[in-house]
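Take 21 as the starting number for the sequence shown in the numbering used here and just add one per residue.
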Amino acid sequence: MFSIKQNAVWKNWSESVVAKPKRIVRPKTLGQLIALVKECRENNCTLRVVGAGHSFTPLAATDEVLVSLDHLNGIDAIDHENRLVTFWAGTRLKDVSRLLDERGYALENLGDINEQSIAGAISTGTHGTGIRFQSIPNQVEKLTLLTAHGELLEIGREQNDAYFEAARVSLGMLGIIVKVTLKVVPQYVLFAKNYRLSLEEGFQQLNALKEANRNVEFFWFPYTDVIQVKTLNEADEKAASFSNRFMSKVVMENGLFYLLSEMSRNAPKTAKLVSQISAWGVPVGESYNKSHLQYATPRLVKFNEMEYAVPEEHMEAVIRELDDMLQKQNIAVHFPVECRYVKGDSIWLSPSYERDSAYIGIHMYKGMELHHYFDAAEEIFLHYNGRPHWGKMHSLTYDQLKQLYPKMDAFLAIRSELDPFGLFLNGYLRSIFHI
Ligand SMILES: Cc1cc2nc3c(=O)[nH]c(=O)nc-3n(C[C@H](O)[C@H](O)[C@H](O)COP(=O)(O)OP(=O)(O)OC[C@H]3O[C@@H](n4cnc5c(N)ncnc54)[C@H](O)[C@@H]3O)c2cc1C
Numbered sequence: 021m022f023s024i025k026q027n028a029v030w031k032n033w034s035e036s037v038v039a040k041p042k043r044i045v046r047p048k049t050l051g052q053l054i055a056l057v058k059e060c061r062e063n064n065c066t067l068r069v070v071g072a073g074h075s076f077t078p079l080a081a082t083d084e085v086l087v088s089l090d091h092l093n094g095i096d097a098i099d100h101e102n103r104l105v106t107f108w109a110g111t112r113l114k115d116v117s118r119l120l121d122e123r124g125y126a127l128e129n130l131g132d133i134n135e136q137s138i139a140g141a142i143s144t145g146t147h148g149t150g151i152r153f154q155s156i157p158n159q160v161e162k163l164t165l166l167t168a169h170g171e172l173l174e175i176g177r178e179q180n181d182a183y184f185e186a187a188r189v190s191l192g193m194l195g196i197i198v199k200v201t202l203k204v205v206p207q208y209v210l211f212a213k214n215y216r217l218s219l220e221e222g223f224q225q226l227n228a229l230k231e232a233n234r235n236v237e238f239f240w241f242p243y244t245d246v247i248q249v250k251t252l253n254e255a256d257e258k259a260a261s262f263s264n265r266f267m268s269k270v271v272m273e274n275g276l277f278y279l280l281s282e283m284s285r286n287a288p289k290t291a292k293l294v295s296q297i298s299a300w301g302v303p304v305g306e307s308y309n310k311s312h313l314q315y316a317t318p319r320l321v322k323f324n325e326m327e328y329a330v331p332e333e334h335m336e337a338v339i340r341e342l343d344d345m346l347q348k349q350n351i352a353v354h355f356p357v358e359c360r361y362v363k364g365d366s367i368w369l370s371p372s373y374e375r376d377s378a379y380i381g382i383h384m385y386k387g388m389e390l391h392h393y394f395d396a397a398e399e400i401f402l403h404y405n406g407r408p409h410w411g412k413m414h415s416l417t418y419d420q421l422k423q424l425y426p427k428m429d430a431f432l433a434i435r436s437e438l439d440p441f442g443l444f445l446n447g448y449l450r451s452i453f454h455i
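Okay, here's the thing in structure tokens:
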């Protein structure tokens, strides 16, 4: 039987999106999911799929049927010879990593949390950092899509180029992804290092940091000259027995930062000071651990986020402009700006489509006014031809998106072919894609 909730309220992680679907449905089998799609088509209703609800944009919002694949999880098949592992699409990334680890495998790269479902993560182009690594959807070899016609379509690297480039980042607009086959690697150990630099030192070392480390990211604290650098490099497996108890996590993950954030929310004038205190208290340390335990960290402090991918050579210029803008406009913000690198790819709606990219994420503590900051920053990102992360806040319209994504029309043509009924659309998607 389906597990169904009627007229429930649904909220995303940051509670910036609230929806009241008529039904929230959690099919327990593929057969039930197919029956649901057919039923929806017959009744002319629309349906949105949700993963872990960790997107900041109303991608999954609907007042009709919301489907969760939480019960369709785990490993479906393993091809050891070609190192391919097929997961049911509702599997959370933390379970993907755990299940792979139990079998001696790992993913080559991950983002900074592991709560997302594998289908949700790939559908918005979720990424980690490392200029030699592409975003997570690039680890997909094959996926199975349930289309609006109620049919299962296998889309793979070798089967059909156009569908493959369209489907890996497709925001749930082409159909419901039911299985994902990932290319995996043998499990490995990462050595993590957290340390503080001045912003100018960071700029001077930017190219070296990017080239010399497997993965590098840094956090710049607004209204300060301080960055926190976090690097990850492969290490000998024997080192994995080293404890990581001396490793402090980045500022955004610790409890003190929550208290400081509350202070900033209650008295926005203290935001600058809070950013300075946080920069002063940047945790430093080193640790060895299995790869999946190094990438992801819990996020204790809730926020809203905007993130843009600009051509990688513009990292420094964008941060300098953000700094100037904040100095001039004196905006109340204490959350650090997160800076990462991602290798270019060929996925049509990927923010790093055909260009190596610098991803720059700005955050505002939940409950604090964000429009002033996000609007001003977005202007800077756009000046550098930035493309927005689909799961994070942006204000772009179809005409702007079309300029940024040269394959937009090709993507929309495949969408019309696979879902001529608009079964998988909501008002937000109709609006930003002019459908
Ligand atoms: C605290 C936090 C940290 C984050 N860190 C990172 C990061 O490090 N890097 C990064 O790039 N992003 C990051 N994100 C953004 C996040 O990875 C993306 O928004 C991601 O898409 C969320 O996955 P989800 O499973 O929650 O999907 P949801 O947000 O639930 O859905 C996202 C999209 O996927 C679609 N979808 C979900 N399941 C299916 C399916 N089975 N078939 C078809 N479509 C489907 C939905 O319809 C929707 O369009 C972060 C977000 C938060 C809240």
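The C-beta atom is built at its ideal place from N, Cα and C for all residues, glycine as well.
How is residue i classed by DSSP in three states: helix, strand or coil?
i      : result
Met193 : coil
Phe153 : coil
Thr251 : strand
Thr290 : helix
Tyr328 : strand
Trp108 : strand
Gln207 : coil
Trp368 : coil
Asp121 : helix
Trp33  : coil
Trp410 : coil
Asp96  : strand
Asn405 : coil
Ala228 : helix
Lys348 : helix
Phe184 : helix
Glu174 : strand
Measure the alpha-carbon distance for residue i versus residue j and round it to whole angstroms.
i      : j      : result
Glu358 : Leu445 : 31 Å
Tyr208 : Ser311 : 6 Å
Asp343 : Ile351 : 11 Å
Glu221 : Val236 : 15 Å
Phe277 : Ser298 : 7 Å
Glu306 : Thr317 : 15 Å
Glu174 : Arg123 : 25 Å
Gly192 : Leu217 : 41 Å
Leu432 : Lys289 : 45 Å
His100 : Pro371 : 32 Å
Leu279 : Arg118 : 32 Å
Gly195 : Gln248 : 41 Å
Ile339 : Trp240 : 9 Å
Glu327 : Val294 : 22 Å
Gln423 : Ala378 : 19 Å
Leu127 : Ala287 : 42 Å
Trp368 : Leu402 : 19 Å
Leu210 : Asn253 : 5 Å
Leu219 : Gly364 : 26 Å
Ile142 : Pro157 : 5 Å
His454 : Trp410 : 16 Å
Lys48  : Glu171 : 18 Å
Would residue i be called buried (16 or more neighbouring beta carbons within 10 Å of its own) or exposed?
i      : result
Gln314 : buried
Trp300 : exposed
Gly73  : buried
Glu204 : According to the sequence displayed, residue 204 carries Val and not Glu. The residue in question, Val204, is buried, as its Cβ has 16 or more Cβ neighbours within 10 Å.
Asn214 : buried
Gln349 : exposed
Leu79  : buried
Ser137 : buried
Val70  : buried
Phe441 : exposed
Asn233 : buried
Ser436 : exposed
Val353 : buried
Arg68  : buried
Pro426 : exposed
His383 : buried
Glu389 : exposed
Arg265 : A caution first: Arg265 carries a pLDDT of 44, below 50, which makes its placement in the model unreliable, though a value can still be read off. Answer is exposed; the Cβ neighbour count stays below 16.
Lys199 : buried
Asn129 : buried
His414 : buried
Val105 : buried
8 Å is my cut-off, CB to CB: does residue i come that close to chain D?
i      : result
Tyr393 : Protein chains in the displayed structure number just one, and chain D is not present.
### Message
With a threshold of 8 Å, are at least 3 pairs of Cβ atoms found where one atom belongs to the segment 357-373 and the other to the segment 324-342?
### Response
yes
### Message
Pairs of beta-carbons, one from the segment 136-152 and one from the segment 33-52, closer than 8 Å: are there three or more?
### Response
no
### Task
Could you tell me whether the segment 176-183 touches the segment 62-69, using the rule of 3 or more Cβ pairs below 8 Å?
no
### Message
Below 8 Å, how does it come out for the segment 162-174 and the segment 410-418: are there three or more Cβ pairs, yes or no?
### Response
no
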